[in-house]
Every structure is written in C-alpha cells, then in structure tokens.
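Participant: Protein chains in written order, with our numbering: chain A, 7 to 323; chain B, 7 to 323. Cβ coordinates follow ideal geometry from the N, Cα and C atoms, glycine included. Structure in structure tokens, see below.
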C-alpha cells in the first residue's frame, strides 16, 4: 500500500526496535538514508539498527562511525532505498517478506512492503527522509543532516544529473545555512574526488579497455576477473566508475561490465541524454533509473557484449 | 571606488555602447558573466559586445552562439570576473586604465576600475550578476539564466567546493523552478563530463607524471612542451586538469605545471582543506582563491619545482 507523510509519521512515532535495511553494494544514498533515519528514530526515543548485506566501505566512515546500532530482536522492519527485496542480499530471506515500511525514490520499486512511501521524483531517498523529518517537526541533528546531504549529493552526482530537483537545491541551501559545523566540501571531496592510487591506475587503463560501437553512440568497458587480479585491485575501487563510459561527446549509452564470477557480468548502464537505460536493463531482469540502471548478464564476454549491443541498437532506433 | 547594487544599477541603466571584457584563458564564469550581462543590457536597450584576449572554445558554444555583439566605438568599458588588468591579455593596453565598472568576486581584485562591485563571498561573478538583475527587477531570459547558471556551476565545481554558498543553491533552485526549458544536466555534462579522446589519454598519463613530495602532502604534475607535442594535444584540453593533483587522500596541495614557452611554467594550485594557496601564489606574483590559485614561474623544470616545494613546505608548517 502506498502511503503519504502523515501515515509514515504515525508509523514511525509508534514503532519499536526497528531494523533498517539498506541495499547490497551500498552507496551514499542508502547509507545516508539508513543512518539518517536511525538518528531520527533515536530523536524519537526509538531503538534501531542499520543492516546491509555488504560491508560499508571506509569512504563512509564519517557517517557509519556513529555506530550501526546494538543487537536486539527486531519488532519493526524498515527498508530504505531498496527497490526490490532481491537487493537485500542475505537479508532477503530473513526480512524480505516482513518489511512493514519502505521509503524509496526508485520508480522501479516493487511495492513489496506493507506500507511504501514512494516519491519517484525525489532526487534521493535522503530527500524524502529530510522532508519527512521536517513534516514531523523533528530536530535534525548535524550528524543526521550530514547523512542526508551525502545521499542527495551522491544520487544527484553532486547536483549534476537530470534527477537533481529544484527541491534538492533548496535542501542544500537550507543545510548550508543552518549547519555551519558541517564541512560540506569535505564530504564532496570524499564522495567525488578522493581516489586511491589503485583507482587512479584503474582509471588510467579505462581508455585502453573502452570499445566504441554503433557509430560511437555506445561505449562498453569490460573489467574481467583476470584484469582485476593482474592490477591487484579490490572491488571497492570500482564504485562510481560507470560514468566514465559516457565521457565522450558522441556517446549516448555507456555500459561498464564487471565480471563477478566466471562468465557472470554485473552491467552498469548510463545514458547521456535521451535513452531510458532502465528499460534496456529490464530486458535482462534488471532495472533502475532512466539514466542510470543495472543488470546481470551471463555468458562468455563476447556473447554478453553481443546481446548488449543488440539491445542498445534497438533502443537507439 | 567600491560600490553597491544601487549605484551599479544607476550605472548600467545610464551606460551606452558597452564593451564587456572577460579574462584571458576564459572559463565558464567569465564567459557566463560576460554574455549574461550582455543579455541584461540588451533587455535595457543598450548595445554591448563581449571581448576576450583568447578565443572562446567550442565547449561554450551554447552560450556564445548568441553572438558576442557587433563592432562599434565603445563609450562604456566594463570588466567582469577580471581581478587584475594583467589578466585582460591584449586588451590590457587598450582598456586597462579605462574600466568604468568592474563586477567581480575575487578577493584579490586590484580595485583598478573607477567603480567596483566586489562580492568576495559570492561563489561566482555570475551569482553577483544574477542578484543584480533581480535587484534591478530585470526580466532574466532563459539564455541569460543559462549563462549565469554555467558560471555558478563552473566556479563551484558543480556545487562541490567550499566556495559554494547557500545562496548559490538558492539561485539554482529558483532557476530549476522557473526555467523548465533549460537542460541543466546537459550543461553540467558539457562542463564536467564530456572529454575528447585526447583528453582521456592525457588524463590516463596523469598517474605516471604526478610526483609526491613532503610526505605525500604535495603532488606536482608537470606537462612540458615536449610532452604536449608527443601526445599531439592542444592546450584547450588542459582546462580543468588541476583538480586531478589533489585526488589522493593525503594530498593537501596540488600543483599542475604547464610549460607555456621554454622554461616558463603556468602553475595552477589547488588545496584540499586548510592551506591558502592564494597566499603561496602571491609569493610568485600570482593570486586567486584560497583553494584555487595560480602563478607563472620561470626557470628549468627542476629549479621551478624546487622553489614550489620549498614554498609549500613553509605553508604546511
């Protein structure tokens, strides 16, 4: 059932011992939303814990340092920024069919929860949580604001992408005005600029592995397990590499293929302007946003590429 | 003489046949400010022309396509985003001592004009011009808004850097709300994402040429004339390369050295957090902002580097 802010408020004010589930391969928005909501529940005197199937990388230490929460037997199951229970990883089996409240901004949300607060036009799940806290009249601590800013900045590509709403800028303006103790540029540097030497080397290889198809309208870059071993790079360092696939002026669709296990590729799609890559990913059982989506594809590298090129060719018609 | 908005309004409403000077090596802020102000003067029925010592690159076509303005004998000389007449290039001799109005946000502004509207806390000169147009009650056309957005986005690193004010976000929120015909993400893609193949290759070389000094607190990357010839890259492609010097987590100061002519290096400084690189650049006769500044240094590459390392060492103490 889809609900609005009033019902979400009633739910949150009356819940108890909540587990907050974030999605696997966690990013700034689900981590920010999880820890931001935890801060809000704490403000309401409600105990909560943030869980994720994968570990939070050190990039997010400034958020997660506050602690994911103590162990307790959960009575409330909340999911944030999780469009599909499949994305809960190992928590799908435990909580997948028990989610009472889901707060999300993905248009592809599967409506799997008892109550879903869905705002598909919101830049980020963190934007919804900020508005909800304001609606509820809850004091937003600096830590909470930092979490929510991080999510908005991450999902908007620091206010670069199409999905950046006027309202996202309004929230950022309000935060910059109200929280002089938050070093926003330091957060942005952490999210968008800092790289490990390994990552710099990986990026420097990018130009060698990218391949142009369909009159340069499509770029595919594949990173195989062999390549990862050879470069000695761990999979953390791949986060946020997909936008590199649409750097060339003529490119409309970019696909980053990462071999997860032999002949299984996680594909991250990006589009520059008009192609809806979420539609393409759905063909392969995936989904996401119009300009950023993903899917898993199996087969040899050549077979997989052939299928991808064909699907993009049709989308470009 | 420093002036406020009221006096700037009186000046603009009463001026005639204006030349608007932008700085050499033009960037999004001076181009946006120049063409944005031109649109405002047109709205007031005043003829104007935007001039620059260097050519505007094709990256800014969407701004400059409206035309820099016809030839006429100027009666009014305005400079935008120009901190020092030295930065006017070939126009210094012609107009350097005749500037009647300067609109600028550089704290290092030399106060060379008859009247200077200086707002050192503004994110960009475009932010000042937007506020001035609002103050004057002038209708801001879509083209003008696009120009001014571009300047704000450019100088703030798309809202990433420290200099991004709450007000910059407010303006972006207002623009996104009012101008549904502007494709902001396309502008951002043009400013921050699109690269030529040559630029991608250049960036891929970066990790090889960067050198770490002072316990990795300083990174210097030098691009010599030989290197440029070898890679067949023209100097356009270097714009915006300086931020790559502070990508590593521990780096506090980054310097990009570009050989302009044999043994003459244009040095672009960036700082990550606390060092004021404008202060360092002033030692070498340069200047700029606390976190982004520049200077020219002469000598062999080794001598130049030695001087730079020494200056940064002192600043880090």
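1) State whether the region 152–160 of chain B contacts the region 33–50 of chain B, with contact taken as three or more CB pairs (one from each stretch) at a distance under 8 Å.
2) For residue 304 of chain A, which three-state DSSP category applies?
3) With a 10 Å radius around its C-beta and 16 neighbouring C-beta atoms as the bar for buried, classify residue 183 of chain A as buried or exposed.
4) Which residues of chain B have a Cβ atom closer than 8 Å to the Cβ of residue 171 of chain A, listed in chain order?
5) Using the Cα positions of residue 77 of chain A and residue 102 of chain A, report the straight-line distance between them to the nearest angstrom.
6) In chain order, what residues of the same chain have a beta carbon less than 6 Å from the beta carbon of residue 230 of chain B, not counting five sequence neighbours either side?
7) When the Cα atoms are used, what is the spatial distance from residue 79 of chain B to residue 107 of chain B?
8) List the endpoints of the continuous alpha helix (DSSP H) containing residue 209 of chain A.
9) I want to verify the contact list: residues of chain A whose CB lies under 7 Å from the CB of residue 194 of chain B, in sequence order.
10) Hey, out of B:311, B:281 and B:305, whose CA is closest to residue 299 of chain B's CA?
11) Can you tell me where the alpha helix (DSSP H) holding residue 33 of chain B begins and where it ends?
12) Of the residues that make up the region 198–215 of chain A, which ones have a beta carbon closer than 9 Å to any beta carbon in chain B?
13) For residue 294 of chain A, name the three-state secondary structure that DSSP assigns.
14) Sort out for me which residues DSSP pairs residue 228 of chain A with in a bridge.
15) When we look at the beta-carbon of residue 87 of chain A and count the other beta-carbons within 10 Å, is it buried (16 or more) or exposed?
16) For residue 84 of chain B, which of helix, strand or coil comes out of DSSP?
17) Kindly indicate which residue of A:119, A:113 and A:71 has the alpha-carbon position closest to the one of residue 130 of chain A.
18) Does the distance from the C-beta atom of residue 97 of chain A to that of residue 59 of chain A stay below 8 Å?
19) Within the present structure, is the beta-carbon of residue 270 of chain B separated from the nearest heavy atom of the ligand SAH by less than 7 Å?
20) Going by beta carbon distance, what residues of the same chain come within less than 7 Å of residue 41 of chain B, once the five residues before and after it are set aside?
21) Using a Cβ-Cβ cutoff of less than 8 Å, which residues in the same chain neighbour residue 291 of chain B once the five nearest sequence positions on both sides are dropped?
22) Could you name the residues of chain B that residue 279 of chain A contacts, counting a contact when the two beta carbons are closer than 9 Å?
23) With a threshold of 16 other CB atoms inside 10 Å of the CB of residue 16 of chain B, please say whether the residue is buried or exposed.
24) Comparing the C-beta of residue 254 of chain A with each C-beta of chain B, is any distance below 8 Å?
25) Hey, quick one: how far does the alpha helix (DSSP H) through residue 276 of chain A stretch, first residue to last?
26) So, is residue 297 of chain B buried or exposed, given that buried needs 16 or more other C-beta atoms within 10 angstroms?
27) On the DSSP bridge assignment, give the partners of residue 54 of chain A in chain order.
28) Measure from the C-beta of residue 295 of chain A to each C-beta in chain B and report whether the shortest distance is under 8 Å.
29) How should residue 167 of chain A be labelled, buried or exposed, when 16 other C-beta atoms within 10 angstroms of its C-beta is the threshold for buried?
30) Helix, strand or coil for residue 252 of chain B, going by three-state DSSP, please let me know.
31) Which residue from A:9, A:253, A:312 and A:317 puts its Cα closest to that of residue 138 of chain A?
32) Is residue 163 of chain B buried or exposed, if buried means 16 or more other CB atoms sit within 10 Å of its CB?
33) Which residues mark the beginning and the end of the beta strand (DSSP E) in which residue 108 of chain A is found?
34) Whole-angstrom Cβ separation of residue 283 of chain A and residue 224 of chain A, contact assumed at under 8 Å?
35) Report the residue from A:146, A:209, A:276 and A:309 whose alpha carbon sits nearest the alpha carbon of residue 257 of chain A.
36) Please check the pair residue 14 of chain A and residue 124 of chain A, which I expect to be a contact at CB under 8 Å, by giving their CB distance rounded to whole angstroms.
Facilitator: In short:
1) yes
2) strand
3) exposed
4) 182
5) 19 Å
6) 265
7) 17 Å
8) 203–215
9) 166
10) B:281
11) No alpha helix (DSSP H) contains residue 33 of chain B, which DSSP labels as neither H nor E.
12) 198, 199, 200, 201, 202, 203, 205, 206, 207, 209, 210, 211, 212, 213 and 214
13) strand
14) A:263
15) buried
16) strand
17) A:113
18) yes
19) With respect to small molecules bound, the structure shown includes none, and the ligand SAH cannot be examined in it.
20) 56, 69, 70, 72 and 153
21) 301 and 302
22) 189, 191, 192 and 195
23) exposed
24) yes
25) Segment 270–277 is the beta strand (DSSP E) holding residue 276 of chain A; no alpha helix (DSSP H) there.
26) buried
27) A:24
28) no
29) buried
30) helix
31) A:9
32) buried
33) 107–110
34) Incorrect: roughly 11 Å between the Cβ atoms, too far for contact.
35) A:276
36) Contact flag wrong, Cβ pair sits at about 11 Å.
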